[in-house]
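Number of protein chains: 2
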Amino acid sequence: MPGTPHEPESGAGAPRSGRPSGKATLRDVAERAGVSAMTASRVLRDDPRVHPATRDRVRAAAAALGYRPNELARRLRLGRGTGLVGLVVTNLANPFYSRLALGVDSVLAPDGLKTVIGNTGQDLDAERDLVADLVARRVDGIIAVPVGNDQRHLAAAAAEGVPVVLASRPPEGFAADCVLVDDFGGARDATARLIARGHRRIGFLGSPPTVYTGTERLRGYRSALAEAGLPADERYVRQGQTQPHQAERAATELLGLPDPPTALFCSNNRNTIGAFRALRATRSATALAGFDDFELADALGLPLTLVTYDSDELGRAAGRLLRNHTRDHPPEPTPPPSPQRLVLTTELVEYGA
Amino acid sequence: MPGTPHEPESGAGAPRSGRPSGKATLRDVAERAGVSAMTASRVLRDDPRVHPATRDRVRAAAAALGYRPNELARRLRLGRGTGLVGLVVTNLANPFYSRLALGVDSVLAPDGLKTVIGNTGQDLDAERDLVADLVARRVDGIIAVPVGNDQRHLAAAAAEGVPVVLASRPPEGFAADCVLVDDFGGARDATARLIARGHRRIGFLGSPPTVYTGTERLRGYRSALAEAGLPADERYVRQGQTQPHQAERAATELLGLPDPPTALFCSNNRNTIGAFRALRATRSATALAGFDDFELADALGLPLTLVTYDSDELGRAAGRLLRNHTRDHPPEPTPPPSPQRLVLTTELVEYGA
DNA sequence: CTGTTAGCGCGTTCAT
DNA sequence: ATGAACGCGCTAACAG
Chain A
4 MPGTPHEPES GAGAPRSGRP SGKATLRDVA ERAGVSAMTA SRVLRDDPRV
54 HPATRDRVRA AAAALGYRPN ELARRLRLGR GTGLVGLVVT NLANPFYSRL
104 ALGVDSVLAP DGLKTVIGNT GQDLDAERDL VADLVARRVD GIIAVPVGND
154 QRHLAAAAAE GVPVVLASRP PEGFAADCVL VDDFGGARDA TARLIARGHR
204 RIGFLGSPPT VYTGTERLRG YRSALAEAGL PADERYVRQG QTQPHQAERA
254 ATELLGLPDP PTALFCSNNR NTIGAFRALR ATRSATALAG FDDFELADAL
304 GLPLTLVTYD SDELGRAAGR LLRNHTRDHP PEPTPPPSPQ RLVLTTELVE
354 YGA
Chain B
4 MPGTPHEPES GAGAPRSGRP SGKATLRDVA ERAGVSAMTA SRVLRDDPRV
54 HPATRDRVRA AAAALGYRPN ELARRLRLGR GTGLVGLVVT NLANPFYSRL
104 ALGVDSVLAP DGLKTVIGNT GQDLDAERDL VADLVARRVD GIIAVPVGND
154 QRHLAAAAAE GVPVVLASRP PEGFAADCVL VDDFGGARDA TARLIARGHR
204 RIGFLGSPPT VYTGTERLRG YRSALAEAGL PADERYVRQG QTQPHQAERA
254 ATELLGLPDP PTALFCSNNR NTIGAFRALR ATRSATALAG FDDFELADAL
304 GLPLTLVTYD SDELGRAAGR LLRNHTRDHP PEPTPPPSPQ RLVLTTELVE
354 YGA
């Protein structure tokens, strides 16, 4: 058995570490108060079984040293997780996602949970790395809006015991709670309204086919056409636009067809805004409808039919679902069966000319 | 000297913990591979000094167990911080702040730093708690847009050794890097342009006086008036509007004055949008100018003069400044002197009718 | 090339 | 009411 490999601490008295005011540890506080680390720990955690006088000495020492308990060490010891929740989205600059983030945080913050953001920028590989990193960091849960249908990384995380909640898209290939919007119904209703107004040739502008919401909304659009006995002319369907300027070009193309549509339905706010610009530029009288509300939608000087829903609630609901799967939380009277699937209802709103 | 207080581990072989697939530890992997924890650690960290055969065995064991290194323990041991950066803002739903968040994250993520969001909702107490919590969590730094001039909590954090970078507002009462926008110059230029167009009575709509940017922009507005020899009529100045509907009301009041202003300058996009609604509702021909660009500003059917700047760069610059103060990072050729103060330039943009 | 020792900072036994 | 020892999971420093 070898001797002591390490030199013992140098002298006594100085705060052990060389750092001037870097970080005071519990033992620093204890030493300064002339007690053991244990007693100091008790005081700082408001354990009642401490002599009042001792308590004051320790508190004074802690204050003097500017002591902050090291949450890292504390959590490691308690094994209760990190108090962190990962939020994985594609583009935080999109108001839709920033509202989601805010909704999530508003629900989790009161529970002492912090939200760490992960922006994937539509990149599946980035999403994979992100999720892996979050799992390694031992987050208490993940709320994600996955980019596509390949969700094996999320399934893996869930399998490893990390609660996963999906927002705006359902889990694919594994079980998890999720909050959705009634994409199909909303799109169908909006399209039906255009039809009711006499439109027979209705164009569709939407996100790439890989995006769940986009395809659901496309289904809704087609369903409305079918119900009305209208043909589904594929020339009128343009998928793949992610940014307004792409949507503007696609809309312009549709308007340039020999038999141009008399109305457009857009599957999200990026496409609606792009289509609006196209209509405006060409002074076209084409009717416009779209999914998602957005600021100033009422001020565009154009009649506009929008499918709206409570976008804040989307984030809050996701946060609540996740909270249920988190350890150490108020045991619900009736623990709902997982996986749960919430669907937010939509509403049609007419913005005036 | 007392004996062993704790019972030794039960048997041998089973993964120590009762959790089925809860969390495999390094020692679980080591046992399964028939090596010591140290060797397993080396393999998983790609330390070259391991026998290839052993390496493979360990890797196989790790894969079989779905092993993930516990970042918590790892960071605690390495003492290198948490790899987390706190972002403190007032309202993530405001596009301004979400872009900031995205900019920050885009710069920090490549360095393996994750951004944890903190939304204060304009509440100073919340901001205090938030900062304290972030410090306790041992974040590697804090980027903040403080609500007011009372920044003692941030000063305390900085004093405790947590790098602090302010965005959009300068540090008050302590030293810290910051990224600002040329609030004064931008506001002065916009106001001057209104004056150049012949306006003599120009109203001002802005945030509460406690908000730094608001008062700077007010100063700029007043400076332009003074330079032109115009009187500073306080009846034309309305501060305190945070939301568009408040701004709309304030604008309506100004327009109802006996001698109403013929132009309005708004200190931020919330106020500009509110003012726009007021003008639109009253069909007023009052000219409009404002600070901050925003989506669809060009589509309002009204001439609009806006002070714009690179809002993404604001976040990126803040992220870069913080990164410089973070341990273990590429030593800059010329370590810039702190505290640094960056000021982003502004530009006037005219949106057509 | 591999194993042993020690300890990051804290909290939970158990003992006094 | 207080303290000693031990371990959370991991790795830097030393042996062999």
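Chains as they are written, first to last, in our numbering: chain A, 4 to 356; chain B, 4 to 356. Each residue gets a CB set at the ideal place from its N, CA and C atoms; glycine is no exception.
Query raised in the report: Does the distance from the C-beta atom of B:Leu307 to that of B:Phe268 stay below 9 Å?
Result: no
Requested in this report: For B:Pro72, I'd like the list of residues in its chain whose CB is within less than 8 Å of its CB, leaving aside the five on either flank, ordered along the chain.
Outcome: Leu29, Leu47
Requested in this report: Note the first and the last residue of the continuous beta strand (DSSP E) segment covering B:Asp180.
Outcome: 180 to 184
Query raised in the report: Listed from N- to C-terminal order along the chain, which residues in the stretch 116 to 136 of chain B have their beta-carbon within a distance smaller than 7 Å of any beta-carbon of chain A?
Result: Lys117, Thr118, Val119, Ile120, Asn122
Query raised in the report: Whose C-beta lies closer than 6 Å to the C-beta of A:Asp185 among residues of the same chain, with five residues either side of it excluded?
Result: Val346, Thr348, Thr349
Report task. Note down the Cα distance separating B:Ala122 from A:Leu105, rounded to an integer number of angstroms. Result -> Just to set this straight, residue 122 of chain B is Asn in the shown sequence, not Ala. Roughly 8 Å between the two C-alpha positions.
Report task. For B:Tyr354, name the three-state secondary structure that DSSP assigns. Result -> strand
Report task. Round the Cβ separation of A:Leu75 and B:Thr85 to the nearest angstrom and send it over; I've been treating them as touching at under 8 Å. Result -> 6 Å
Query raised in the report: From this set, A:Ala302, A:Asn152, A:Ala193, which residue's C-alpha is nearest A:Phe177's C-alpha?
Result: A:Asn152
Query raised in the report: So is A:Ile146 in contact with chain B if we call contact Cβ pairs under 9 Å?
Result: no
Query - Buried versus exposed call for B:Leu260 [16 or more other C-beta atoms within 10 Å across all chains shown] - result: exposed
Query raised in the report: Taking C-beta to C-beta, are B:Arg191 and B:Glu230 nearer than 9 Å?
Result: yes
Report task. Verify whether the separation of the beta carbon atoms of A:Arg102 and A:Gly318 is less than 9 Å. Result -> yes
Query raised in the report: Could one say the Cβ of B:Ile362 lies closer than 9 Å to chain A's Cβ atoms, at least one of them?
Result: Because chain B in this structure spans residues 4 to 356, residue 362 of chain B falls outside the shown range and cannot be described.
**Report entry** Cβ-based burial, A:Arg80 [other Cβ within 10 Å; buried from 16]
**Finding:** exposed
Query raised in the report: If you measure from the beta carbon of A:Arg280 to each beta carbon in chain B, is any gap under 9 Å?
Result: yes
Requested in this report: Mind listing the chain A neighbours of B:Val138? Cutoff is C-beta to C-beta under 7 Å, in chain order.
Outcome: Arg71
Query raised in the report: Are the C-beta of B:Arg312 and some C-beta of chain A separated by less than 9 Å?
Result: The displayed chain sequence assigns Tyr, not Arg, to residue 312 of chain B. It does not: the Cβ of B:Tyr312 has no partner Cβ on chain A nearer than 9 Å.
Report task. Determine contact between the stretch 83 to 98 of chain A and the stretch 130 to 145 of chain A, defined as no fewer than three beta-carbon pairs at a distance below 8 Å. Result -> yes
**Report entry** Neighbour flag for B:Gly293 against chain A, beta carbons, 9 Å
**Finding:** no
Requested in this report: Quick one: measure Cβ to Cβ for A:Ala112 and A:Gly69, integer angstroms, because I've assumed they're closer than 8 Å.
Outcome: The pair is not a contact, with the Cβ atoms about 25 Å apart (cut-off 8 Å).
Report task. Quick one: grab the DSSP three-state call for A:Ser24. Result -> Per-residue confidence for A:Ser24 stands at a pLDDT of 37, beneath the threshold of 50, marking its modelled position as unreliable; the derived number appears in the next sentence. Looking at A:Ser24 - three-state DSSP - the assignment turns out to be coil, as it is neither helix nor strand.
**Report entry** Partners in chain B for A:Asp108, counting only beta-carbon separations shorter than 9 Å
**Finding:** Leu95, Ile120, Gly121, Asn122
Query raised in the report: Considering only C-alpha positions, which residue in the set A:Arg196, A:Ala321, A:Val352 is nearest to A:Leu228?
Result: A:Arg196
**Report entry** Members of the stretch 156 to 180 of chain A near chain B, C-beta cut-off 7 Å
**Finding:** Glu163, Gly164
Query raised in the report: In whole angstroms, what separates the C-alpha of A:Asp295 from that of A:Arg280?
Result: 17 Å
**Report entry** Continuous beta strand (DSSP E) assignments of at least 3 residues falling wholly in the stretch 169 to 238 of chain A
**Finding:** 180 to 184, 205 to 209
Query raised in the report: Within the 9 Å Cβ cut-off, does B:Arg286 reach chain A?
Result: no
Query raised in the report: So is A:His54 buried or exposed if we call it buried at 16+ other beta carbons inside 10 Å?
Result: exposed
Query raised in the report: At a Cβ threshold of 9 Å, is A:Arg22 touching chain B?
Result: Because the pLDDT at A:Arg22 is just 37, under 50, the model does not fix this residue reliably, and the point stays unresolved.
Query raised in the report: Exposed or buried, B:Thr285, counting other C-beta atoms within 10 Å across all chains shown (16 or more means buried)?
Result: exposed
**Report entry** Unbroken beta strand (DSSP E) run spanning A:Leu95, endpoints
**Finding:** Segment: none, A:Leu95 is in no beta strand (DSSP E) and carries neither H nor E.
Query - Cβ-based burial, B:Pro8 [other Cβ within 10 Å; buried from 16] - result: Confidence at B:Pro8 is low in this model, with a pLDDT of 38, below 50, so the placement of that residue is unreliable and no value is reported for it.
Report task. Between the Cα of A:Gln125 and those of A:Val150, A:Ala300, A:Ala139, spot the shortest distance and give me the residue it belongs to. Result -> A:Val150
Query raised in the report: On the three-state DSSP scale, how would you describe B:Gly16?
Result: Here B:Gly16 scores only 37 on pLDDT, less than 50, and its place in the model should not be relied on; the value that follows carries that caveat. B:Gly16: coil per DSSP, three-state reduction.
Query raised in the report: DSSP puts A:Asn122 in a beta bridge; with which residues?
Result: A:Val92
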